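**Student:** This structure is in structure tokens; I'll ask about it shortly.
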Amino acid sequence: MSAQQAPADFHEQLRRLEERGLLVRIDRPICKDTELHPLMRWQFQGGLHESQRKAFLYTNVHGVDGRKYDMPVVVGALAANPEIYATGMGVPVEQIGEVWTRAMSNPIPPVSITNPPCQEVVITGADLTKPGGGLACLPVPISTPGFDAAPYFTATLAVTKDPETGVRNMGTYRAGLKALDRLGVRMASRLSGAGGYQHWLKYKERGEKMPCAIIIGCSPVVMFTGPQKLRIDEDEMAVAGGLAGYPIRTCKALTVDLEIPADAEIVVEGLIDTDMLEPEGPFGESHGHVALEGFNLSMQVTAITHRKKAVFVSIVSQVTPSESSVMKKVAYEPLFLNHLKKDLNVKGISRVVMHEPLSNLRPVIFLQFKQGAPKTEVWRGLQGAATLQAQCGKICVAVSEDVDPHNTDAVFWSMAYRSNPIEDVLVIPNRAGGHGPKGGNNSTLLIDATAKTLMPPLALPTKPYMEKAKVIWEELGFPTLSPQPPWHGYELGDWAKLWDEFAENAVQGKWIENGLNTYERRKPDLIPETPVRKVEDVK
Ligand SMILES: Cc1cc2nc3c(=O)[nH]c(=O)nc-3n(C[C@H](O)[C@H](O)[C@H](O)COP(=O)(O)O)c2cc1C
Numbered sequence: 000m001s002a003q004q005a006p007a008d009f010h011e012q013l014r015r016l017e018e019r020g021l022l023v024r025i026d027r028p029i030c031k032d033t034e035l036h037p038l039m040r041w042q043f044q045g046g047l048h049e050s051q052r053k054a055f056l057y058t059n060v061h062g063v064d065g066r067k068y069d070m071p072v073v074v075g076a077l078a079a080n081p082e083i084y085a086t087g088m089g090v091p092v093e094q095i096g097e098v099w100t101r102a103m104s105n106p107i108p109p110v111s112i113t114n115p116p117c118q119e120v121v122i123t124g125a126d127l128t129k130p131g132g133g134l135a136c137l138p139v140p141i142s143t144p145g146f147d148a149a150p151y152f153t154a155t156l157a158v159t160k161d162p163e164t165g166v167r168n169m170g171t172y173r174a175g176l177k178a179l180d181r182l183g184v185r186m187a188s189r190l191s192g193a194g195g196y197q198h199w200l201k202y203k204e205r206g207e208k209m210p211c212a213i214i215i216g217c218s219p220v221v222m223f224t225g226p227q228k229l230r231i232d233e234d235e236m237a238v239a240g241g242l243a244g245y246p247i248r249t250c251k252a253l254t255v256d257l258e259i260p261a262d263a264e265i266v267v268e269g270l271i272d273t274d275m276l277e278p279e280g281p282f283g284e285s286h287g288h289v290a291l292e293g294f295n296l297s298m299q300v301t302a303i304t305h306r307k308k309a310v311f312v313s314i315v316s317q318v319t320p321s322e323s324s325v326m327k328k329v330a331y332e333p334l335f336l337n338h339l340k341k342d343l344n345v346k347g348i349s350r351v352v353m354h355e356p357l358s359n360l361r362p363v364i365f366l367q368f369k370q371g372a373p374k375t376e377v378w379r380g381l382q383g384a385a386t387l388q389a390q391c392g393k394i395c396v397a398v399s400e401d402v403d404p405h406n407t408d409a410v411f412w413s414m415a416y417r418s419n420p421i422e423d424v425l426v427i428p429n430r431a432g433g434h435g436p437k438g439g440n441n442s443t444l445l446i447d448a449t450a451k452t453l454m455p456p457l458a459l460p461t462k463p464y465m466e467k468a469k470v471i472w473e474e475l476g477f478p479t480l481s482p483q484p485p486w487h488g489y490e491l492g493d494w495a496k497l498w499d500e501f502a503e504n505a506v507q508g509k510w511i512e513n514g515l516n517t518y519e520r521r522k523p524d525l526i527p528e529t530p531v532r533k534v535e536d537v538k
């Protein structure tokens, strides 16, 4: 994919996805309540490779009550896979991390405009509560039919403002339909939870309701700041500008005092109660369990505005991998690597990988270190990853550069042969519960599974032999291979020239020469399996 400017609105994103074969139109009738999310779900549960996933644009949507919607619904158009996310950034996949790092240090403030596209259609006053009106006009899908208590907004940016400093926050928080003009909004109150919740506490203190505008769909770079964990005193709209490389267009909301993305698809404005909380949920959560009913925020809707040709955007979340975890993974990993490299100056750190399938990124983090990284730096890295955010890094494992953290089998192999639990494992008490069904006191597990000394080679045929065999494999018309690292042998420092000579002789059919050499070196009075290097100086 060649680099181009990030799409300025969601329609441009859909156009580019379609051009790249990353979007599928589904024109058959689909029920938003029972079929829409489950169909998308098969892309994640059906054994497809990540690269085969597409955005699904549903053009013929109805509700379980038979109501037909003109507004199409799209799922997966933000991040069904990293390529789709990269399309939203206007860069190739490999540059996503770099662009995030640059944007965080070079934010570009937004510009405010009038007559914004997001206010082409305005629903206020009595139209919010007339039968079938208000929120019921929108084709809001049910994410986890069978468990969820309502249709939910998922591709959200909840815009709020600090009542003291005026600094804006934008967070992706779920919001469930409660009435034609009321939503149940969940802003996490745990440590390093939602920035919007910090604002809510301030409005509560002042005895005021909190103005909030929930954006559903806008330019991907703006959407991408929603799940990213930025500092509370940082304007996410300016970081979005940094991601795009140009200022984001904003406008005044109609009924609340907030500046919002002007090019949004749909905006739901309202006031959040700071006195009364309302039961919200159950809702299928990204930690892999259903969140049970909890008292959460209640938002009285004051206006719904949208583009004339709005698309309803939804995110597939719940059990990972999901669109939600792809979005978080590509954004969080550079944040952590940046912290370890730039803030803590950890020597030898080369990569951070957050474990995605089922565990949802936050609890399990792998750090990759260059060969020979000092042990003290490995431990500083482990501590740094475990403490950057209260909710991330419950289990941190350091591995060497030859172990691909995406291959958890390789990580287990490394733990099995390169760590000695009594020396290389540390359990630290008193960690916050984090995101998950069980709160309460938790702890941290750090494991140094890096190679501490030089090690013998990986026991597979070396690269040229595996490559030649692959050519034969293909000649024979066997099933297409997708090589899984490690797929060839390589040295890990502990080796001798003599053994290279032996191996070379062997592949030239001269193994008898090796036998002559070893016959000369026979020794009496040894126990079998005595390493030769204990007795001889093998070069
Ligand atoms: C699809 C999706 C749904 C999410 N739902 C919630 C939610 O309901 N409540 C919440 O506090 N965080 C939720 N998150 C995580 C937050 O977006 C994330 O913690 C982010 O950092 C919040 O931004 P903030 O730091 O500006 O609050 C969700 C993330 C995604 C991608």
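With numbering that gives the first Met the number 0, letter number 433 in the sequence shown gets 432, and the count goes up by one each step, no holes.
From the three backbone atoms N, C-alpha and C, an ideal C-beta is built for every residue, glycine too.
Quantities reported herein were computed from a predicted structural model and do not represent experimental measurements.
Can you give me the C-alpha to C-alpha distance between Thr-319 and Arg-40, rounded to a whole angstrom?
**Tutor:** On the sequence shown, position 320 is the one that residue 319 refers to. On the sequence shown, position 41 is the one that residue 40 refers to. For Thr-319 and Arg-40, the distance between alpha carbons rounds to 11 Å.
**Student:** Cutting at 7 Å between CB atoms, please list the residues of its own chain near Asp-540, excluding the five before and the five after it.
**Tutor:** Only positions 0 to 538 of the chain appear in the structure, and residue 540 is not among them; the question remains open.
**Student:** Count the other CB atoms, across all protein chains shown, that sit within 10 Å of the CB of Asn-105; report buried if there are 16 or more and exposed otherwise.
**Tutor:** For the purposes of this step, residue 105 is taken as the residue at position 106 of the sequence shown. Exposed, since its Cβ has fewer than 16 Cβ neighbours within 10 Å.
**Student:** Give every residue of the same chain whose Cβ lies closer than 7 Å to the Cβ of Val-329, excluding the five residues on either side of it in the sequence, and list them in chain order.
**Tutor:** On the sequence shown, residue 329 is found 330 positions in, with the first residue counted as 1. So the qualifying residues of the chain are Pro-81, Tyr-84 and Ile-95.
**Student:** Is the closest heavy atom of ligand 1 to the C-beta of Ile-141 under 6 Å?
**Tutor:** Looking up residue 141 in the sequence shown gives position 142. It does not: the Cβ of Ile-141 is nowhere closer than 6 Å to a heavy atom of ligand 1.
**Student:** For Glu-277, collect the residues of the same chain with a Cβ closer than 8 Å to its Cβ; drop the 5 residues on either side in sequence, then sort them by chain order.
**Tutor:** Your numbering for residue 277 matches position 278 in the sequence shown. Excluding sequence neighbours, Glu-277 sits near Lys-177, Gly-183, Phe-294, Asn-295, Leu-296 and Ser-297.
**Student:** Residues in the same chain with beta-carbon distance under 6 Å from Leu-253, minus the five sequence neighbours each way, listed in chain order, please.
**Tutor:** Stepping through the sequence shown from its first residue, residue 253 is reached at position 254. Ala-302.
**Student:** Just to confirm the assignment, what range does the beta strand (DSSP E) spanning Phe-477 have?
**Tutor:** Walking along the sequence shown from the start, residue 477 turns up at place 478. No beta strand (DSSP E) holds Phe-477; DSSP gives it neither H nor E.
**Student:** Alpha carbon to alpha carbon, how far is Glu-500 from Pro-456?
**Tutor:** The residue you call residue 500 lines up with position 501 of the sequence shown. The residue you call residue 456 lines up with position 457 of the sequence shown. Going from the Cα of Glu-500 to the Cα of Pro-456 covers about 15 Å.
**Student:** Check for me: the beta strand (DSSP E) holding Glu-268 runs from which residue to which?
**Tutor:** Sequence index remark: in the sequence shown, residue 268 carries index 269 (1-based). It spans 265 to 271 - the beta strand (DSSP E) in which Glu-268 sits, taken as one unbroken run.
**Student:** Which residue's Cα is closest to the Cα of Leu-381: Val-402, Gly-347 and Asp-180?
**Tutor:** Residue 381 sits at position 382 when you count from the first residue of the sequence shown. Ranking Val-402, Gly-347 and Asp-180 by Cα distance to Leu-381 puts Gly-347 first.
**Student:** Give me the Cβ distance between Ser-191 and Gln-390, rounded to the nearest whole Å; I'm assuming they're in contact under 8 Å.
**Tutor:** Locating residue 191 in the sequence shown gives position 192, counting from the first residue. Locating residue 390 in the sequence shown gives position 391, counting from the first residue. Indeed, because the Cβ distance is near 5 Å, the residues count as touching under 8 Å.
**Student:** Have a look at Thr-304 and Thr-58 and give me their C-alpha separation to the nearest angstrom.
**Tutor:** One-based indexing of the sequence shown puts residue 304 at position 305. One-based indexing of the sequence shown puts residue 58 at position 59. Each residue's Cα considered, the two are about 21 Å apart.
**Student:** Give the C-beta separation of Leu-387 and Phe-335 to the nearest angstrom, bearing in mind that I take them to be a contact with Cβ-Cβ under 8 Å.
**Tutor:** For this step, residue 387 is matched to residue 388 along the sequence shown. For this step, residue 335 is matched to residue 336 along the sequence shown. That pair is a contact at about 6 Å.
**Student:** Say yes only if the C-beta of Thr-319 is nearer than 6 Å to one or more non-hydrogen atoms of ligand 1, and no if none qualify.
**Tutor:** The sequence position of residue 319 within the sequence shown is 320, counting from 1. Checking every heavy atom of ligand 1 against the Cβ of Thr-319, none is found closer than 6 Å.
**Student:** For Ser-609, does the three-state DSSP call read helix, strand or coil?
**Tutor:** For residue 609 there is no data in the structure shown, the boundaries of the chain being 0 and 538.
**Student:** Report the option in Pro-362, Val-92 and Pro-144 whose CA atom is closest to the CA atom of Val-289.
**Tutor:** In the sequence shown, counting from the first residue as 1, residue 289 sits at position 290. Nearest of Pro-362, Val-92 and Pro-144 to Val-289, Cα basis: Pro-144.
**Student:** Ignoring anything shorter than 4 residues or poking outside the region 466 to 521, list the alpha helix (DSSP H) runs there in chain order.
**Tutor:** Whole alpha helix (DSSP H) segments, 4+ residues: 496 to 506 and 510 to 519.
**Student:** Expressed to the nearest angstrom, what Euclidean distance is found between the alpha-carbon atoms of Pro-37 and Glu-264?
**Tutor:** Counted from its first residue, the sequence shown places residue 37 at position 38. Counted from its first residue, the sequence shown places residue 264 at position 265. Roughly 24 Å between the two C-alpha positions.
**Student:** Hey, out of Ser-418, Arg-417, Asp-423 and Ser-442, whose CA is closest to Asn-429's CA?
**Tutor:** Taking the first residue of the sequence shown as 1, we reach residue 429 at position 430. The residue with the shortest Cα to Cα distance from Asn-429 is Ser-442.
**Student:** Quick one, are the C-beta atoms of Phe-282 and Asp-147 less than 7 Å apart?
**Tutor:** Residue 282 sits at position 283 when you count from the first residue of the sequence shown. Residue 147 sits at position 148 when you count from the first residue of the sequence shown. For Phe-282 and Asp-147, yes; Cβs fall inside 7 Å.
**Student:** Can you give the Cα-Cα distance for Arg-361 and Leu-134, rounded to whole angstroms?
**Tutor:** Residue numbering aside, residue 361 sits at position 362 when the sequence shown is read from its first letter. Residue numbering aside, residue 134 sits at position 135 when the sequence shown is read from its first letter. Those two C-alpha atoms are separated by around 33 Å.
**Student:** Rounded to whole angstroms, what is the Cα-Cα separation between Trp-486 and Val-410?
**Tutor:** Numbered from its first residue, the sequence shown carries residue 486 at position 487. Numbered from its first residue, the sequence shown carries residue 410 at position 411. Cα to Cα, the separation comes out at about 15 Å.
**Student:** Which of the three DSSP states, helix, strand or coil, is assigned to His-434?
**Tutor:** Reading the sequence shown from its first residue, position 435 is the one you call residue 434. Three-state DSSP puts His-434 in coil, outside helix and strand.
**Student:** Per DSSP, which one or two residues make a beta bridge with Leu-296?
**Tutor:** Looking up residue 296 in the sequence shown gives position 297. Answer by DSSP bridge pairing, in chain order: Val-184.
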